[in-house]
Each structure stands twice: as structure tokens, then as C-alpha cells.
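The opening residue of the sequence shown carries number 1 in UniProt numbering; numbering runs sequentially from there. Note that beta-carbon positions come from the ideal geometry of N, C-alpha and C, so glycine has one too. Notes follow once the structure below has been shown.
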Amino acid sequence: MKKVENDYDAVAKEWNISRFVARANQIKVASRIKNGDRVLDVGCGNGVFYPVLADKSINYVGLDVSKKLLSLAKKKALKNKGKAKVKFIKGSITKLPFINNQFDWVCVFAVLHHIPSHELRSQASQEILRVLKPGGKVMVTVWNMFSDWAYKKFNINEQLKNNQEGLDSGDVVIPWKGTVGKVISRYLHAFTKNELSKLFKDAGFKKVTAYYAIKETEVKSQSAKEGKDLVLMAEK
1 MKKVENDYDA VAKEWNISRF VARANQIKVA SRIKNGDRVL DVGCGNGVFY PVLADKSINY
61 VGLDVSKKLL SLAKKKALKN KGKAKVKFIK GSITKLPFIN NQFDWVCVFA VLHHIPSHEL
121 RSQASQEILR VLKPGGKVMV TVWNMFSDWA YKKFNINEQL KNNQEGLDSG DVVIPWKGTV
181 GKVISRYLHA FTKNELSKLF KDAGFKKVTA YYAIKETEVK SQSAKEGKDL VLMAEK
């Protein structure tokens, strides 16, 4: 997990440039969040989700392992002042720094596929359950590594065949090079829909549903080839 933190600190400035607007699945879940809710945004990055919620009378907490991304998130929040009470905290999804039963919503956008090993991903899902209130809901998105998009971008089938020693099944390490030339090696896990559902069912979640979202929309598909994102909804 320390590697994940160091990697995102290293590319924070450039990462921020490419992620400046909320995605369709973030806008969708924002419409379901009510005034008075407590919302935890795990892996909040540069705070791109917060502006969608700023005008709601909620308590929003953004959490990330990267100190540099959190600094950018705070600046974004200052530019988007609204009714929400907002706080940003440095911390890890595998050990959330909150007491039990705190949040009505936990949102985990494009984070879980960067967590190395089944053990840590299982720990993360259990932590999410722990901090949710009874009846609280979680929305998780991960990259669909079996989509046509991922196949072209990562050649994932070959990566999985040549699984590196010491990594769990489905885990790969892929170089990421930004426009300024900084290269890091990122952990990626290739989730199947059934695997992601089982992870949260095993943690104790109810009403678990998972689907593929086509491109930048919330159009649902059962086809792994079409869906750029794999989306999960569940309840405590």
C-alpha cells in the first residue's frame, strides 16, 4: 500500500489535469444522496466528486492515501463552496480512520482495482461495511479489464498469462507513463463481475448488484466487452 501512496504522490499534478469533471456514475449516485447524509468518498483523489455534492446539506469526508492529491482536493473544495460540510483526511481503505456505523454512503470510485492482493481487497470491503450505518449504501466502480477498451490499452490477456511472481491471481503490474515522462508501475486487478459481487457478499453486504457501464454513461450492459467500468451497489 505504501507503493500506491508513493506512486500517486509522484504523479499527482499530472493526474489532476486529466481528471477535472465528475463521471456519469458519480452524478447518478449524487442524485440519491439526501440532505443530512454523511458521505465518505474513499480514494477521493483531487476531489472531483465533491462539487457535485456541494449544494446539498450533507457531511462530506474525502479520504486518500496521497497527501498531494488531498492538497488539490482542498483547493477544489474552496472554489466550490456550498451547503455541505467538508473535510479531507489522509488514510487507507484497508484501515479506515473512523469508528463504526458513521456513514450513510461510502463511495469508492476507481480505487479497488489498485489494491494489491485478495487479502487487502477483502480487508477493504470489511472496513467499508464497518463504517457504514445499518442500512447504509456503498457504490464501487472498478475498471473492467476484460472490455475491448482495456484489451487495447493494456493487452490484459497477455499480462494475466505472464502473471508476475508474488502477485495474486488476476493481479498485474502495468507501467503508466504520463505526458511529462514520469513512469510508474501501477498495481491493477482484473475483477470479474462475479468476483466483485462475491467480495462484498462475503464481507456481509446485502442487496448486492453489479453491472457494466458503457463508456462514460450509466447505460447498463451484461457484456464484459462493452462496459468500460464495472459498477457495484450494495447495502449494509
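>> Extract the residue ranges of the beta strand (DSSP E) inside the UniProt domain "Methyltransferase type 11" (40 to 139), only unbroken runs of 3 or more that lie entirely within it.
In response: You should have 59 to 64, 85 to 90 and 103 to 109.
> Apart from the five residues just before and just after L62, which ones in its own chain have a Cβ nearer than 7 angstroms to its Cβ?
Replying inline: Residue mapping note: residue 62 aligns to position 62 of the sequence shown, counting from 1. Before going further, note that residue 62 is Gly rather than Leu in the sequence given. Annotation for G62: D41, C44, G47, Y50, A73 and F88 place their beta carbon closer than 7 angstroms to its own, counting only its chain and skipping 5 residues before and after.
> With burial defined as no fewer than 16 other Cβ atoms inside 10 Å of the residue's Cβ, what is the status of residue 270: buried or exposed?
Replying inline: No statement about residue 270 is possible, as the shown extent of the chain runs from 1 to 236 and does not include it.
>> Tell me the DSSP secondary structure of D148 in three-state form.
In response: Within the sequence shown, the letter at position 148 stands for residue 148. D148 sits in a helix when the DSSP states are folded into three classes.
> In three-state terms, what does DSSP make of I33?
Replying inline: Taking the sequence shown and counting its residues from 1, the one referred to as residue 33 is at position 33. DSSP places I33 outside both helix and strand once states are collapsed to three, so it counts as coil.
>> On the CB-based measure, 16 or more other CB atoms within 10 Å of its CB, does L132 come out buried or exposed?
In response: Translated into positions along the sequence shown, residue 132 becomes position 132. Using a 10 angstroms sphere on the CB of L132, the tally of other CB atoms reaches 16 or more, which defines it as buried.
> Is there contact here, the segment 138 to 148 with the segment 64 to 78, by at least three beta-carbon pairs under 8 angstroms?
Replying inline: They do not touch, by the three-pair rule.
> Alpha carbon to alpha carbon, how far is F103 from V138?
Replying inline: Position 103 of the sequence shown, counting from 1, holds the residue named residue 103. Position 138 of the sequence shown, counting from 1, holds the residue named residue 138. CA-CA distance, F103 to V138, rounds to 10 angstroms.
> Can you list, in chain order, the residues of its chain whose CB lies under 6 angstroms from that of K85, leaving out five sequence neighbours each side?
Replying inline: Within the sequence shown, numbered from 1, the residue matching residue 85 stands at position 85. Cβ neighbours of K85 beyond the five flanking positions: N59.
> Near N35, which residues of its chain fall below 7 angstroms by C-beta distance, leaving aside the five closest residues on each side in sequence?
Replying inline: Here the question's residue 35 lines up with position 35 in the sequence shown. Its chain contains K56, S57 and I58 as the residues whose beta carbon lies nearer than 7 angstroms to that of N35, once the 5 sequence neighbours on both sides are disregarded; these appear in chain order.
> What number of angstroms, rounded off, separates the C-alpha of L53 from the C-alpha of V29?
Replying inline: As a working note, residue 53 is residue 53 in the sequence shown. As a working note, residue 29 is residue 29 in the sequence shown. So the alpha carbons of these two residues sit roughly 10 angstroms apart.
>> Can you give me the C-alpha to C-alpha distance between A12 and P134, rounded to a whole angstrom?
In response: Walking along the sequence shown from the start, residue 12 turns up at place 12. Walking along the sequence shown from the start, residue 134 turns up at place 134. The predicted model places A12 with a pLDDT of 44, which falls under 50 and marks its position as unreliable; any figure quoted below should be read in that light. Across the structure, A12 and P134 are spaced so that their CA atoms are roughly 35 angstroms apart.
> In chain order, what residues of the same chain lie with their CB nearer than 8 angstroms to the CB of N25, ignoring the 5 residues before and after it?
Replying inline: Stepping through the sequence shown from its first residue, residue 25 is reached at position 25. Answer for N25: F109, M139, T141, A213, E218, D229 and V231, listed in chain order.
>> In this structure, how does DSSP classify A210 when only helix, strand and coil are distinguished?
In response: Counting from one through the sequence shown, the residue named residue 210 turns up at place 210. Per DSSP, reduced to three states, the secondary structure at A210 is strand.
> Using the rule of at least 16 other Cβ atoms within 10 Å of the residue's Cβ for burial, across every protein chain shown, is I99 buried or exposed?
Replying inline: As a first step, residue 99 must be located in the sequence shown, where it is residue number 99. Burial call: exposed.
> Under 7 angstroms, do L129 and K236 count as touching if we go by C-beta distance?
Replying inline: As a working note, residue 129 is residue 129 in the sequence shown. As a working note, residue 236 is residue 236 in the sequence shown. Yes, they are a contact pair.
> With a Cβ-Cβ cutoff of 7 angstroms, do W105 and I33 count as a contact?
Replying inline: Working through the sequence shown from its first residue, we reach residue 105 at position 105. Working through the sequence shown from its first residue, we reach residue 33 at position 33. A contact, by the Cβ cut-off of 7 angstroms.
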